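**Student:** Quick one: the structure is below, and I'll ask about it shortly.
2 protein chains.
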Amino acid sequence: MTDTPSERTEQAEHAGQAEHAEQGAGAVGAPSRRSVLGWGGAGLALGAAAAGGAVAVARSDDDPQPAAAGAGAAVAFHGAHQAGIATPVQDRLHFAAFDVRTDDRAVFVQLLKDWTEAARRLTAGQAVGEGAYGGPVEAPPDDTGEALGLKPSRLTLTIGFGPSLFEKFDLADRRPEALIDLPKFAGDNLDRDRSGGDLCVQACADDPQVAVHAIRNLARIGFGKVVIRWSQLGFGKTSSTTPDAQTPRNLMGFKDGTRNIAGTETDRLKKFVWVGETDTDDDSAWMTGGSYLVARRIRMNIETWDRTSLQEQEDVFGRDKGEGAPVGRAKERDEPFLKAMKPDAHVRLAHPDTNAGATLLRRGYSFTDGTDGLGRLDAGLFFLAYQRDVRKGFVPVQRSLAADSLNEYIQHVGSAVFAIPPGVRDADDWWGRALFSEEA
Amino acid sequence: MTDTPSERTEQAEHAGQAEHAEQGAGAVGAPSRRSVLGWGGAGLALGAAAAGGAVAVARSDDDPQPAAAGAGAAVAFHGAHQAGIATPVQDRLHFAAFDVRTDDRAVFVQLLKDWTEAARRLTAGQAVGEGAYGGPVEAPPDDTGEALGLKPSRLTLTIGFGPSLFEKFDLADRRPEALIDLPKFAGDNLDRDRSGGDLCVQACADDPQVAVHAIRNLARIGFGKVVIRWSQLGFGKTSSTTPDAQTPRNLMGFKDGTRNIAGTETDRLKKFVWVGETDTDDDSAWMTGGSYLVARRIRMNIETWDRTSLQEQEDVFGRDKGEGAPVGRAKERDEPFLKAMKPDAHVRLAHPDTNAGATLLRRGYSFTDGTDGLGRLDAGLFFLAYQRDVRKGFVPVQRSLAADSLNEYIQHVGSAVFAIPPGVRDADDWWGRALFSEEA
């Protein structure tokens, strides 16, 4: 067998990632934590070679994918905020909600540490532990191997804690008030098997195999302690968080998320996305620098929509279909004149001006999960929105959308809400440390 | 609204596509057929501008995707063989099996013509008909629009005819003998809802949204005449049909398909893939230049595999995991020494030497369709294999694999077989013409 040098962490290219890039490059290049993974007999400490910057087994530098250079780079893992929120949206998603199957806090804390170490490696384009073929042959490999030879592909892994987690570990007093249980909204038709979860991990990457590999290996590390409750693949991003990129189209063929918060807009991120010191008290101070995530699986009645006239489609959105310009305007990014739209137009009802300024950072993906039993595509939008306070973000917007004419063509079939802790600061930090450490 | 110039068809870059590229470029640039699509009131002929080479509504040239230049190109639609077989494997798949809901042969023939015209446009990076916003506002748009702004992304659309289609249209005498009903194989656990189909369309592209868009629009054109029976998304190619590319890994972390037939190997394609004149009689002469496709949905018991020792994993495949070299050899492409492998090793049992030379052109994709009810990934390999005669290709190989030690970790849960007619020759030709034309 051949040892290959570790994939080098490339600097994140976007300005919005500067903070991550700076802190991350050093940590990845010279990890000070040892990789002691918690399953089987295969969890062995990394040797001196790893500590010196060369990892015994990592993805090969040979790249069979025709991806552009930028798409292959690594996004740094360490930072004040978790990556995967303000990070320019990657092309693909694998999102998993987990249920916790242990009530032993020490076991769970060890899992969070193991996951953090794995995430640190995976996002740098390295294999988990000793890799897919570097360990003892009589044990299962530490890494499942299907990402060998693939680039980091801008993989980000973002963890969240669901309301039920706080009950499980007797942390009810540390549950932030902003982490509400979502109310029932008009038109909700939620599938319990696609809703909720004690934990979530959002994996975004430009190569779906890299995102799937990451979730699979985290699930594997968590075997016996956590189990995947539901998961969702997304294949087409539906929002842009880069100000100059063209807004992607959803499966209704419309541009959506034109006025999204860009990852470079520090002021708007601070105002609408990041939990600030003034938002927390002693019990919830661990959330400072974090955010809240609402995930909704929105099924589109594709076949009905496709038989709807262009006029009706444009009225429903309040935009024209080609350019994406608001009603009466010429260009996509022209300021919308809401009163020119029908009262039940989607853009009008979702607009901050209609909702006392409520603004979300959207990071949704299109999905197509084959066909239902009736020959119709099981397709739609997996809506992901980050916000500073769910009560001032998703809740008022979704209440306003009760009157949305779009509701004739969509249905919310899955729902979850998670507290997204702040970023992992350095090689000694781990996901959720401030919440779970006694001394915090 | 803004009219955008049509996406220009770029020449396919690979030598194996030369035939397609030559014939395709002219036909796409100056279509001689009119777009008369058969649904609603929206089917209008393309105007003079289209005949002159400028299409009124097509995908914009603005490209929000960070894909490499090569990945955005068009693969020509016209040729002696259908594209999507010898074409270098694209990154993503959307495969759909359809059932026919009409017994009116004229209606079905018109659908094949409409589909052909749509496929000609879609593979060139153009919208269907008058596009997503170019038609009358009181009618549904001809195109659903979600691929606006995306490149052709090497989209190929490949049609196939299932055994049941020949019954439906009283064509039993024209059904080729090589299009057998697959026998039951040891270990089969087939789900009827993921098997069979009167028709199939394989959509491959480097952008999944482009592949999904194509299938969706074909399904829409077929509304009331055909219905999707099942469909499958694939996100990671598992075979290479380019001789110099690194072999991709399947979800077991192993390189698979190392000795696949390359699209440039004219002799092996002729010997193992394309139906020749000597293979057909008067009734089946319409298949000359075609091929046969076997599709199998192979679920992997991922969690069991991941708890298996490296030694066992390597014994099962008969390769090492890192390099992919056959047992006792140093490099992936070294000639395997079959007797050095265990008698039940996968590579040994699948090898042509074990099966009287039987050789398949594989074009499979990995899939992950969320989670089953038990927290396990519903993941595996969507196996697609093209061959000149199923009786001399898939059948002997799969019979040999009854003894495969890999069977402990996989299960075949879906199965279908299709006759793949030859390519569409020019702008006047259409999918299945030789089979359905009276004069053929």
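Residue numbers (numbering that gives the first Met the number 0), protein chains in the order written: chain V, 0 to 439; chain P, 0 to 439. Note that CB positions come from ideal geometry on N, CA and C, so glycine has one too. Predicted model, so just to flag it, every value in this text is computed and none were measured.
(1) Compare the Cα-Cα distances from Ala82 of chain P to each of P:Thr157, P:Asp142, P:Phe107 and P:Asp113 and report the closest residue.
(2) What would DSSP say about Trp429 of chain P, mapped onto helix, strand or coil?
(3) With distance defined between alpha-carbon atoms, name the residue in V:Ala324, V:Asp192 and V:Leu92 nearest to Gly374 of chain P.
(4) Pull up the DSSP beta-bridge partners for Asp102 of chain P, would you.
(5) Less than 8 Å between the C-beta atoms of Thr122 of chain P and Val74 of chain P, yes or no?
(6) So if I threshold CB-CB distances at 8 Å, which residues from the region 210-231 of chain V count as touching chain P?
(7) Using 8 Å as the Cβ pair cut-off and three pairs as the minimum, do the region 363-371 of chain P and the region 216-235 of chain P touch?
(8) Of all the options P:Ala126, P:Ala324, P:Pro135 and P:Arg387, which has the alpha carbon lying nearest to the alpha carbon of His266 of chain P?
(9) In chain V, which residues lie with their C-beta within 9 Å of the C-beta of Leu156 of chain P?
(10) Kindly indicate if chain P contains any beta-carbon less than 8 Å away from that of Arg432 of chain V.
(11) Whose C-beta lies closer than 6 Å to the C-beta of Phe435 of chain P among residues of the same chain, with five residues either side of it excluded?
(12) Contact between the region 153-171 of chain V and the region 415-427 of chain V is defined here as three or more beta-carbon pairs at a separation below 8 Å; is this criterion met?
(13) With a threshold of 16 other CB atoms inside 10 Å of the CB of Asn216 of chain V, please say whether the residue is buried or exposed.
(14) In the DSSP assignment, find the beta strand (DSSP E) that holds Val225 of chain V and state where it starts and stops.
(15) Is Thr157 of chain V near the ligand ADP, judged by its Cβ being under 7 Å from some heavy atom?
(16) Strictly under 8 Å for the Cβ-Cβ distance: is Ala384 of chain P near chain V by that measure?
(17) Is Gly71 of chain P helix, strand or coil by DSSP?
(18) Determine, using beta carbons only, whether Ala355 of chain P and Ala185 of chain P come nearer to each other than 8 Å.
(19) Closer than 8 Å by beta-carbon distance: list the chain P residues that pair up with Glu145 of chain V, in chain order.
(20) By the criterion of Cβ-Cβ separation under 7 Å, what are the contact partners of Arg306 of chain P in chain V?
(21) Looking at the strands, I want to know which residues DSSP matches up with His93 of chain P.
(22) Just checking: is the beta-carbon of Gly52 of chain V within a distance shorter than 8 Å of some beta-carbon in chain P?
(23) Would you give the residue range spanned by the beta strand (DSSP E) that Ser239 of chain P belongs to?
(24) Closer than 6 Å by C-beta to Pro420 of chain V: which residues in its own chain qualify, once you throw out the five before and the five after it? Chain order, please.
(25) Since Val136 of chain P meets chain V, which of its residues come closer than 7 Å, beta carbon to beta carbon?
(26) Between Phe382 of chain V and Asp180 of chain P, what straight-line distance do the alpha-carbon atoms span, to the nearest angstrom?
(27) Helix, strand or coil for Ile409 of chain V? Go by DSSP, reduced to three states.
(28) Which residues in the same chain as Pro335 of chain P place their Cβ atom closer than 8 Å to its Cβ, once the five residues preceding and following it in sequence are excluded?
(29) Taking Pro242 of chain P as the reference, which of P:Val389, P:Arg332, P:Asp343 and P:Lys150 has the closest Cα?
(30) Against chain V, does Tyr132 of chain P count as a neighbour if the rule is that its beta carbon must be under 8 Å from one of theirs?
(31) How many Å lie between Leu405 of chain V and Arg298 of chain V at the Cα?
(32) Can you pull the chain P residues whose beta carbon is under 8 Å from the beta carbon of Ile260 of chain V, in chain order?
(33) Which residues of the region 320-342 of chain V have a Cβ closer than 8 Å to any Cβ of chain P? Give them in chain order.
(34) Tell whether a beta-carbon distance below 8 Å holds between Phe97 of chain V and Val226 of chain V.
(35) At the 8 Å Cβ level, is Leu189 of chain V part of the contact set with chain P, yes or no?
(36) Looking only at C-alpha atoms, which of V:Leu189, V:Lys330 and V:Lys167 sits nearest to Asp197 of chain V?
**Tutor:** By the coordinates alone:
(1) For the purposes of this step, residue 82 of chain P is taken as the residue at position 83 of the second sequence. For the residues P:Thr157, P:Asp142, P:Phe107 and P:Asp113, the minimum Cα distance to Ala82 of chain P belongs to P:Thr157.
(2) Indexing the second sequence from 1 puts residue 429 of chain P at position 430. Three-state result, Trp429 of chain P: coil.
(3) To locate residue 374 of chain P, count along the second sequence from 1; it is residue 375. Closest option to Gly374 of chain P, Cα to Cα, is V:Asp192.
(4) For the purposes of this step, residue 102 of chain P is taken as the residue at position 103 of the second sequence. None, per the DSSP bridge assignment.
(5) If you number the second sequence from 1, residue 122 of chain P lands on position 123. If you number the second sequence from 1, residue 74 of chain P lands on position 75. In this structure, Val74 of chain P lies closer than 8 Å to Thr122 of chain P by Cβ.
(6) Val211, Arg215, Ala218, Arg219, Phe222, Val226, Ile227, Arg228, Trp229, Ser230 and Gln231
(7) yes
(8) In the second sequence, residue 266 of chain P corresponds to position 267, counting from 1. Sequence inspection shows Asp at residue 266 of chain P; the His mentioned does not correspond to that position. Between Asp266 of chain P and the set P:Ala126, P:Ala324, P:Pro135 and P:Arg387, the nearest pair of CA atoms involves P:Arg387.
(9) In the second sequence, residue 156 of chain P corresponds to position 157, counting from 1. Residues of chain V passing the Cβ test: none, with the nearest at roughly 16 Å.
(10) Within the first sequence, the letter at position 433 stands for residue 432 of chain V. Cβ-Cβ to chain P under 8 Å: no for Arg432 of chain V.
(11) Looking up residue 435 of chain P in the second sequence gives position 436. For Phe435 of chain P, where only same-chain residues beyond five positions count, the Cβ hits under 6 Å are Val108.
(12) yes
(13) Indexing the first sequence from 1 puts residue 216 of chain V at position 217. Buried, because 16 or more other Cβ atoms sit within 10 Å of the Cβ of Asn216 of chain V.
(14) Locating residue 225 of chain V in the first sequence gives position 226, counting from the first residue. Its beta strand (DSSP E) spans residues Val225 to Gly233.
(15) For the ligand ADP, the structure offers nothing, since it holds no ligand at all.
(16) The sequence position of residue 384 of chain P within the second sequence is 385, counting from 1. No, its Cβ sits nowhere closer than 8 Å to a Cβ of chain V.
(17) Residue mapping note: residue 71 of chain P aligns to position 72 of the second sequence, counting from 1. Correct three-state label for Gly71 of chain P: helix.
(18) Locating residue 355 of chain P in the second sequence gives position 356, counting from the first residue. Locating residue 185 of chain P in the second sequence gives position 186, counting from the first residue. No. Outside cutoff.
(19) The residue given as residue 145 of chain V occupies position 146 in the first sequence. What Glu145 of chain V touches in chain P: Gly235, Arg248, Asn249, Leu250, Met251, Gly252 and Ser365.
(20) On the second sequence, residue 306 of chain P is found 307 positions in, with the first residue counted as 1. For Arg306 of chain P, the chain V residues whose Cβ falls inside 7 Å of its Cβ are Pro139, in order along the chain.
(21) Position 94 of the second sequence holds residue 93 of chain P. P:Ala202 and P:Leu232.
(22) Residue numbering aside, residue 52 of chain V sits at position 53 when the first sequence is read from its first letter. The pLDDT assigned to Gly52 of chain V is 30, lower than 50, so where the model puts this residue is not dependable; a value taken from the coordinates is nonetheless given after this. Chain P contact via Cβ: absent.
(23) Counted from its first residue, the second sequence places residue 239 of chain P at position 240. Careful: Ser239 of chain P lies outside any beta strand (DSSP E) and carries neither H nor E.
(24) The count along the first sequence starts at 1 and reaches residue 420 of chain V at position 421. So the qualifying residues of the chain are Gly289 and Gly431.
(25) Here residue 136 of chain P is taken as the residue at index 137 of the second sequence, counted from 1. The answer, in chain order, is Ser308, Leu309 and Gln310.
(26) Looking up residue 382 of chain V in the first sequence gives position 383. Looking up residue 180 of chain P in the second sequence gives position 181. Their backbone Cα atoms lie some 43 Å apart in a straight line.
(27) As a first step, residue 409 of chain V is located in the first sequence; it is residue number 410 there, counting from the start. In the structure shown, Ile409 of chain V sits in a strand (DSSP, three-state: E or B).
(28) As a position in the second sequence, residue 335 of chain P is number 336, starting the count at 1. Closer than 8 Å at the Cβ level, and outside the excluded window around Pro335 of chain P, lie Gly317, Pro325, Val326, Arg328, Val346, Arg347 and His350.
(29) Translated into positions along the second sequence, residue 242 of chain P becomes position 243. Checked all of P:Val389, P:Arg332, P:Asp343 and P:Lys150; the closest Cα to Pro242 of chain P is P:Arg332.
(30) Residue mapping note: residue 132 of chain P aligns to position 133 of the second sequence, counting from 1. By this cut-off, Tyr132 of chain P is an interface position.
(31) Position 406 of the first sequence holds residue 405 of chain V. Position 299 of the first sequence holds residue 298 of chain V. Straight-line Cα distance between these residues: approximately 12 Å.
(32) Here residue 260 of chain V refers to the residue found at position 261 of the first sequence. Within 8 Å Cβ-Cβ: nothing; Ile260 of chain V doesn't reach chain P, min ~18 Å.
(33) Lys320, Gly321 and Glu322
(34) Locating residue 97 of chain V in the first sequence gives position 98, counting from the first residue. Locating residue 226 of chain V in the first sequence gives position 227, counting from the first residue. It is a contact, given that the beta carbons lie within the stated cut-off.
(35) Start at 1 with the first residue of the first sequence, and residue 189 of chain V comes out as number 190. No, Leu189 of chain V does not count as interfacial toward chain P.
(36) Indexing the first sequence from 1 puts residue 197 of chain V at position 198. Measuring from the Cα of Asp197 of chain V, the nearest candidate turns out to be V:Lys167.
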